[in-house]
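Q: Please find one structure pasted underneath; my questions will follow.
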Amino acid sequence: MRTLLHPAFKAPALTDLALLVSRVALGVILLAHGWQKFNEYTLDGTAASFGEMGIPAPAAAATFATAVEALGGAALILGLLTPVVALLNTVNLLGALVLVHLGNGVFVDKGGYELVLALVAGLLVIAALGAGKLSVDGLIGRRTSAAPASPVTTA
């Protein structure tokens, strides 16, 4: 029986499309933030800002955040190493949540955690479900699953 709680349009193709849209949206946001840290603020400027916020090891944290956001954002867009990239970005954002945003309330205009929380939620869904068929991961998975099994021989 089809009800509001059991949608008629539940189909693998729609799931793959939803994963694609989610990956690209999250990837664009992360890539933009990573690029901003690298290009606009510079790594040194980002590290100085992190230090002012009380983030431990600010130079290392700035390098990690910049790399995982920029490179990870690009990888999410492509659907490459998706669960790993999503989890690395989740760790990065949980650090930002705890060390910077949590004490500022919900709203982003006050330095709050709403954007960070939304990104973490989306990344956890992507980490759990994977990239879907419309991705590099999906293409690699189809290639490896389509490869014939090698015969087992005993000596």
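Take 8 as the starting number for the sequence shown in the numbering used here and just add one per residue. Every residue gets a Cβ at the ideal spot worked out from N, C-alpha and C, and that includes glycine. Owing to the predicted nature of the structure, the values given are computational and were not obtained by experimental measurement.
(1) Determine, using beta-carbon pairs with one atom in the segment 87-102 and one in the segment 122-131, whether at least three such pairs fall under 8 Å.
(2) CA-CA distance, residue 78 and residue 68?
(3) Shortest alpha-carbon distance to residue 145 belongs to which of 83, 110, 121, 42?
(4) Report yes or no: do three or more beta-carbon pairs, one from the segment 53-67 and one from the segment 17-32, lie closer than 8 Å?
(5) Could you round the C-beta distance between residue 70 and residue 50 to whole angstroms and report it? I think they count as a contact, below 8 Å.
(6) Between which two residues does the alpha helix (DSSP H) holding residue 29 run?
(7) Count the other CB atoms, across all protein chains shown, that sit within 10 Å of the CB of residue 123; report buried if there are 16 or more and exposed otherwise.
(8) Apart from the five residues on each side of it in sequence, which residues of its chain come closer than 6 Å, Cβ to Cβ, to residue 183?
(9) For residue 33, which residues from the same chain have a beta carbon less than 6 Å from its beta carbon, with the 5 sequence-adjacent residues on both sides left out?
(10) Suppose you measure from the CA of residue 72 to the CA of residue 41; what does that come to, to the nearest Å?
(11) For the putative contact between residue 75 and residue 96, defined by C-beta atoms under 8 Å, what is the C-beta separation to the nearest angstrom?
(12) Under the assumption that residue 94 contacts residue 143 (Cβ atoms under 8 Å), give the Cβ distance between them as a whole number of angstroms.
(13) Is DSSP giving residue 49 helix, strand or coil here?
A: In brief:
(1) Yes, since at least three Cβ pairs between the segment 87-102 and the segment 122-131 fall closer than 8 Å, the two stretches touch.
(2) About 15 Å.
(3) That would be 83, whose Cα lies nearest to the Cα of residue 145.
(4) Contact annotation: the segment 53-67 does not touch the segment 17-32, with fewer than three C-beta pairs closer than 8 Å.
(5) A Cβ-Cβ distance of about 6 Å is found for the pair residue 70 and residue 50, placing them in contact under the 8 Å criterion.
(6) Segment 19-42, the alpha helix (DSSP H) holding residue 29.
(7) Buried, since its Cβ has 16 or more Cβ neighbours within 10 Å.
(8) The structure shown does not extend to residue 183, since the chain spans only 8 to 162, so no value can be given for it.
(9) Hits under 6 Å: 83, 129.
(10) As the crow flies, the alpha-carbon of residue 72 is around 7 Å from that of residue 41.
(11) Confirmed, Cβ separation roughly 6 Å.
(12) Not confirmed; about 17 Å, so no contact.
(13) Residue state for residue 49 is assigned as coil, using DSSP reduced to three classes.
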